[in-house]
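Protein chains in written order, with the working numbering: chain S, 1 to 244; chain Y, 1001 to 1244. Ideal placement from N, C-alpha and C gives every residue a C-beta, glycine not left out. This report concerns only the one structure given below.
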């Protein structure tokens, strides 16, 4: 297994244009907060999450599908949306049995960079171990941990999550890491004793704190709290399955 | 001091188009091997190094200036060039008193991304400490450690060098690190006991080893071996000055 990390979506130039690649598994990572929201919603019984990059398209898809509409711009809820991008707000009473259309500043756009991958998973700290287990069992030729980043820059919350996954894959799956994968592992290892500290210091974390959303950071920092694998289906909808 | 790291030249989108920024100091880093060659050549008494991105332009500039011509493509010397990109070959008997026009696959192109910076330095492991000292003394508003990378991807040799510099600046200059700067520091800290091991494992290092150029890797891994600051002058030529 070749183990690569894209530190931002701009650093996956060959994916968008290449031929379909059945041997490639991509994990989209937007720990603060899109993929943490996806995992939380699916764990709360949501039927699925359809990521849509643009706000207008998200509105029309949600209306068409009778879905809930969630997401943010600049970390804030959008007018007329049912939900923002706060993971704990996607609770059972709100989302159970529902399809949810989501659009976010960085995360849903990152999903758009995965078009040619054989499999696309959603990863965050909440489901790091089960996602690494899933990839180890599937043993694809190539794994790309795709960090959503923040406005085109590297986001420490995403990269540390990639490092958490990459470290597990290196131990379990005899993976061959790229320079970027080694970088992610080093960031995770440096901060694994204080991941909440890293998230609080990150640009995304500081933005959330400035909006009074510290509880979201703490929620997303709970490593392996949700044993659920999330994967895009053929319709481009993230579906969850719990692992024993 | 805001302390940022561009993990590849593609991640400095605002530099090329923005207005001149006197408060910005950029350190271009291409440890294997362009900036190590620049430092070695200047330490050996070269008058200056003029980086030129394209091969044809490099040939005509060298002819025009009566300069030596050095560089590589795909790590190999170019036909008709006086020198390749191997730092130890830029010795006193070859380069003393000479201007050298250089073109390389990644490093000289990275220099092109610095157009709007107030100051542009060349950094590598060889001159890490003096470069950090220089920046600490100058105390610019913003420091950008610009990693040349390798074919658009993150290069561990460059990023670890950025981390070496960034760690010193954090200690000495009360710098405020971005997420990318924290990432570089983590990579350096993880490998500081075995930087040669990291360089050997890096994509650039493996390429050099495959060409029998292991001695170049060992040469470039010698942290703080050359107490020389290199800076672009108004004509776009790197000039050196030795620090006591």
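Here residue 1230 of chain Y carries a strand assignment [DSSP, helix/strand/coil]. Within the region 223-239 of chain S, no residue has a Cβ lying closer than 7 Å to any Cβ of chain Y.
Listed along the chain, the chain Y residues whose CB falls inside 7 Å of the CB of residue 159 of chain S are 1183. Of the candidates S:160, S:44 and S:197, the residue whose Cα lies closest to the Cα of residue 87 of chain S is S:44. Under a criterion of Cβ atoms nearer than 8 Å, no residue of chain S is adjacent to residue 1114 of chain Y; the nearest Cβ is some 18 Å distant. When DSSP reads this structure, residue 177 of chain S sits in a beta bridge with S:3. From the beta-carbon of residue 1145 of chain Y, no residue of chain S is found nearer than 8 Å; the closest lies around 13 Å away. Across the structure, residue 53 of chain S and residue 77 of chain S are spaced so that their CA atoms are roughly 15 Å apart.
Taking residue 22 of chain S as the centre and dropping the five residues before and after it, the same chain places the C-beta of 118 closer than 6 Å to its C-beta, in chain order. In this structure residue 214 of chain S is exposed. Its beta-carbon is surrounded by fewer than 16 other beta-carbon atoms within 10 angstroms. In the DSSP secondary-structure assignment, residue 9 of chain S is not bridged to any residue. For residue 1164 of chain Y, the enclosing alpha helix (DSSP H) begins and ends at 1156-1172. Secondary structure note for residue 237 of chain S: it is in no alpha helix (DSSP H), with a DSSP letter that is neither H nor E. Using a Cβ distance threshold of 8 Å, residue 125 of chain S and residue 208 of chain S do not count as a contacting pair. Taking 8 Å as the upper bound for CB-CB distance, residue 1226 of chain Y and residue 1039 of chain Y are in contact here, some 5 Å apart. Among the bridge pairs identified by DSSP, residue 26 of chain S is matched with S:120 and S:144.
Close CB contacts of residue 221 of chain S within its chain, under the 7 Å cut and outside five residues either way in sequence, are with 125, 195, 196 and 199 (chain order).
Taking the C-beta atoms as reference points, residue 6 of chain S is found no nearer than 8 Å to residue 1179 of chain Y.
Secondary structure of residue 222 of chain S (DSSP, three-state): coil. Close CB contacts of residue 176 of chain S within its chain, under the 8 Å cut and outside five residues either way in sequence, are with 1, 2 and 3 (chain order).
Excluding sequence positions up to five before and after residue 1185 of chain Y, its CB lies within less than 8 Å of the CB of 1163, 1166, 1167, 1170 and 1177, all in the same chain and listed in chain order.
Scanning Y:1060, Y:1128, Y:1111 and Y:1121 for the CA closest to the CA of residue 1223 of chain Y turns up Y:1128. In the structure shown, the three-state DSSP call for residue 1199 of chain Y is helix. Linking residue 50 of chain S to residue 243 of chain S through their CA atoms gives a straight-line distance of about 22 Å. In the structure shown, the three-state DSSP call for residue 1033 of chain Y is coil.
Around the C-beta of residue 48 of chain S, 16 or more other C-beta atoms lie within 10 Å, and the residue is accordingly described as buried. Per the DSSP secondary-structure output, residue 1021 of chain Y pairs in a beta bridge with Y:1117.
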